[in-house]
Amino acid sequence: MKVSVITFPGSNCDHDAYEVFRSRGHIARMIWHKDHDLQNPDLVILPGGFSYGDYLRCGALARFSPIMNEVIAFAEKSGFVIGICNGFQILTEAGLLPGALMRNSGINFICKHQMLRVESSNSPFTKGLKPGSLLDTPIAHKEGNYYIDSEGLKALQDQDQILFRYCDAQGNLSPEANPNGSLDNIAGIVNKGRNVLGMMPHPERSATESVYSQDGSQIFEAIESFFDGRY
Amino acid sequence: MLKAKIFVELKPSVLDPQGKAVTNSLHNLGFEDVSQTRIGKYIEIVFDSSDHEAVSAEVTKICDSLLANPNTETYRFELVETKS
Numbered sequence: 007m008k009v010s011v012i013t014f015p016g017s018n019c020d021h022d023a024y025e026v027f028r029s030r031g032h033i034a035r036m037i038w039h040k041d042h043d044l045q046n047p048d049l050v051i052l053p054g055g056f057s058y059g060d061y062l063r064c065g066a067l068a069r070f071s072p073i074m075n076e077v078i079a080f081a082e083k084s085g086f087v088i089g090i091c092n093g094f095q096i097l098t099e100a101g102l103l104p105g106a107l108m109r110n111s112g113i114n115f116i117c118k119h120q121m122l123r124v125e126s127s128n129s130p131f132t133k134g135l136k137p138g139s140l141l142d143t144p145i146a147h148k149e150g151n152y153y154i155d156s157e158g159l160k161a162l163q164d165q166d167q168i169l170f171r172y173c174d175a176q177g178n179l180s181p182e183a184n185p186n187g188s189l190d191n192i193a194g195i196v197n198k199g200r201n202v203l204g205m206m207p208h209p210e211r212s213a214t215e216s217v218y219s220q221d222g223s224q225i226f227e228a229i230e231s232f233f234d235g236r237y
Numbered sequence: 072m073l074k075a076k077i078f079v080e081l082k083p084s085v086l087d088p089q090g091k092a093v094t095n096s097l098h099n100l101g102f103e104d105v106s107q108t109r110i111g112k113y114i115e116i117v118f119d120s121s122d123h124e125a126v127s128a129e130v131t132k133i134c135d136s137l138l139a140n141p142n143t144e145t146y147r148f149e150l151v152e153t154k155s
């Protein structure tokens with residue numbers, strides 16, 4: 007699989023994402039945000055971080071980086087894109103995903119491990135994962151409070167676009183298990199075409215032996231199984 | 072020259088945790104009649120032009136494309152004559 011990881015000024019999870027794919031035997035490339043060539047990838051990653059210092063709104067300025075024209079064109083031609091954390095914020099600002107990421111309900115930056123519940127296996131990013139299964143992944147954000155109007159929320163629910171929800175260790179979707187106030191405990195969604203994923207938690211920071219949890223690797227295995235079946 | 076004074080505000084339907092925290096702090100300071108605080112952004116842009124109609128159209132475009140997120144925010148602005 008060929009994976010292009012975009013680096014914006016202020017990205018800080020680009021190397022984590024690059025390293026996960028490289029260590030799993032894929033061709034990973036780092037692409038600078040001022041470039042105009044995605045280098046023919048199978049998958050594009052918009053990594054976590056603080057692009058443009060989170061000025062104005064998180065992701066609002068990165069959305070106008072030169073490479074984003076190529077990312078948008080790639081996604082519109084059904085190319086596969088994952089935005090993690092700040093990458094999710096950039097995807098909503100670019101209009102590739104609906105809704106917006108607002109300030110956490112508790113105002114503070116949150117950095118901790120969080121349980122996620124897989125809600126749907128109907129996507130390239132969750133293929134083979136059992137709905138209801140739990141993943142222990144880190145979250146690290148101040149603007150992760152997912153918001154969408156009621157019509158938009160209904161569309162996400164009706165079209166099975168919610169892939170991950172925040173839950174407790176038993177898989178319950180209680181308000182206490184919701185770290186940031188996200189509507190409907192939403193942690194990750196896909197677009198209608200099911201080729202663009204945005205998620206606030208960091209699977210790339212929970213996918214190697216050197217860290218506390220390896221649950222994020224299940225998402226990378228799902229993507230690999232999708233691409234194996236494709237070629 | 073014209074200066075655009077732009078106010079970007081959260082839609083009424085969107086929760087404002089920052090405003091809520093400020094309300095709590097104001098209560099702690101003794102301002103007990105404060106019932107709500109909403110926090111927005113104020114932006115000034117100066118234009119090398121005195122054509123109100125053209126600048127107004129430009130500011131609308133600027134707000135729609137970058138300064139306000141239509142999912143969560145609304146904006147309004149006024150134009151004033153300025154020397155710098």
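Read top to bottom, the protein sequences are chains A and B. Here the numbering used here is used: the first residue of the first sequence is 7, the next is one more, and so on. Here the numbering used here is used: the first residue of the second sequence is 72, the next is one more, and so on. The beta-carbon is built from N, C-alpha and C at its ideal position, and this holds for glycine as well.
Legend entry - Nonlocal neighbours in the same chain, by C-beta distance under 8 Å from A/Tyr-61, ignoring five residues either side: Leu-67
Inset, instruction - Kindly indicate if chain B contains any beta-carbon less than 7 Å away from that of A/Ala-2. - result: The question about residue 2 of chain A has no answer here: the residues shown for chain A are numbered 7 through 237.
Legend entry - Exposure of A/Thr-238, with buried meaning 16 or more beta-carbon neighbours within 10 Å: A question about residue 238 of chain A goes unanswered here, because the residues of chain A that appear run from 7 up to 237.
Inset, instruction - In the DSSP assignment, find the unbroken alpha helix (DSSP H) run with A/Asn-151 in it and report its ends. - result: Looking at the DSSP string, A/Asn-151 is not in any alpha helix (DSSP H); the run it does join, the beta strand (DSSP E), is 151-153.
Legend entry - Exposed unless 16 or more other CB atoms sit within 10 angstroms - verdict on A/Pro-209: buried
Inset, instruction - Tell me whether B/Lys-132 sits in a helix, a strand or coil according to DSSP, three-state version. - result: helix
Legend entry - Neighbour list for A/Met-108 in chain B, Cβ cutoff strictly below 9 Å: Leu-81, Val-85, Leu-86, Asp-87, Pro-88, Thr-143
Inset, instruction - Please work out which residues of its chain come closer than 6 Å, Cβ to Cβ, to A/Glu-99, disregarding the five sequence neighbours upstream and downstream, and give them in chain order. - result: Gly-65, Ala-66, Arg-69
Legend entry - Check whether A/Tyr-172 and A/Asn-191 have beta carbons under 7 Å apart: yes
Legend entry - Inter-stretch contact at 8 Å, needing at least 3 Cβ pairs: the region 108-128 of chain A / the region 170-189 of chain A: yes
Inset, instruction - Measuring alpha carbon to alpha carbon, tell me which of A/Leu-179, A/Ala-228, A/Gln-220, A/Val-217 ends up nearest A/Ala-193. - result: A/Leu-179
Legend entry - Cβ of B/His-140 within 7 Å of any chain A Cβ: The question names His, but residue 140 of chain B in the sequence shown is Asn. At least one chain A Cβ lies under 7 Å of B/Asn-140.
Legend entry - Reference A/His-119; option with closest CA among A/Val-196, A/Asp-174, A/Val-77, A/Gln-165: A/Asp-174
Legend entry - Interfacial residues, the region 42-71 of chain A to chain B, with Cβ spacing under 9 Å: Leu-62, Arg-63, Ala-66, Leu-67, Arg-69, Phe-70
Legend entry - Beta-carbon spacing of A/Leu-159, A/Ile-168 below 7 Å: no
Inset, instruction - Could you give the DSSP three-state label for A/Pro-258: helix, strand or coil? - result: Past the boundaries of the shown model lies residue 258 of chain A; chain A is included only from 7 to 237, so the question cannot be answered.
Legend entry - Buried or exposed (CB count within 10 angstroms, at least 16 for buried), A/Phe-86: buried
Inset, instruction - Give the residues from the region 138-168 of chain A that approach chain B closer than 9 Å (Cβ to any Cβ), ordered along the chain. - result: Asn-151, Tyr-153, Ile-154, Asp-155, Ser-156, Gly-158
Legend entry - Pick from A/Gly-134, A/Pro-15, A/Gly-89, A/Ser-29 that is closest to A/Asp-234, judged by C-alpha positions: A/Gly-134
Inset, instruction - May I have a chain-ordered list of the alpha helix (DSSP H) segments no shorter than 4 residues that lie completely inside the region 77-114 of chain A? - result: 92-99
Inset, instruction - Can you give me the Cβ contacts of B/Glu-149 inside the same chain, cut-off strictly under 7 Å, excluding the 5 residues immediately before and after it? - result: Lys-76
Inset, instruction - Check whether the region 213-223 of chain A touches the region 128-135 of chain B, taking contact to mean three or more Cβ pairs, one atom from each stretch, closer than 8 Å. - result: no
Inset, instruction - Using a Cβ cut-off of 7 Å (strictly closer), state whether A/Ser-223 contacts chain B. - result: no
Legend entry - Entirely enclosed beta strand (DSSP E) segments - the region 138-178 of chain A, minimum 3 residues: 140-147, 151-153, 168-173
Legend entry - Sequence-distant residues of the same chain with beta carbon closer than 8 Å to A/Arg-28, five excluded per side: Ala-34
Legend entry - Cβ of A/Ser-188 within 7 Å of any chain B Cβ: no
Legend entry - Reference B/Ser-120; option with closest CA among B/Glu-152, B/Val-79, B/Glu-80, B/Gln-89: B/Glu-152
Inset, instruction - Write down the C-beta distance between A/Phe-232 and A/Pro-130 rounded to the nearest angstrom, noting that I regard them as a contact closer than 8 Å. - result: 4 Å
Legend entry - Burial state of A/Val-26 (16 or more Cβ within 10 Å): buried
Legend entry - Residues, ordered as in the chain, of the region 78-97 of chain A that lie near chain B by beta-carbon distance below 9 Å: none
Inset, instruction - Show which residues of chain B have a CB atom less than 7 Å away from the CB atom of A/Ile-113. - result: Pro-88, Gln-89, Ala-92
Inset, instruction - Let me know the secondary structure DSSP gives B/Ala-75 once reduced to three states. - result: strand
Inset, instruction - Give the residues of chain A in contact with B/Leu-97, contact being defined as C-beta atoms less than 8 Å apart. - result: Residues of chain A passing the Cβ test: none, with the nearest at roughly 15 Å.
Inset, instruction - Kindly list the residues whose CB is nearer than 8 Å to the CB of B/Asp-87, restricted to its own chain and excluding five residues on each side of it in sequence; keep chain order. - result: Leu-81, Thr-108, Arg-109, Ile-110
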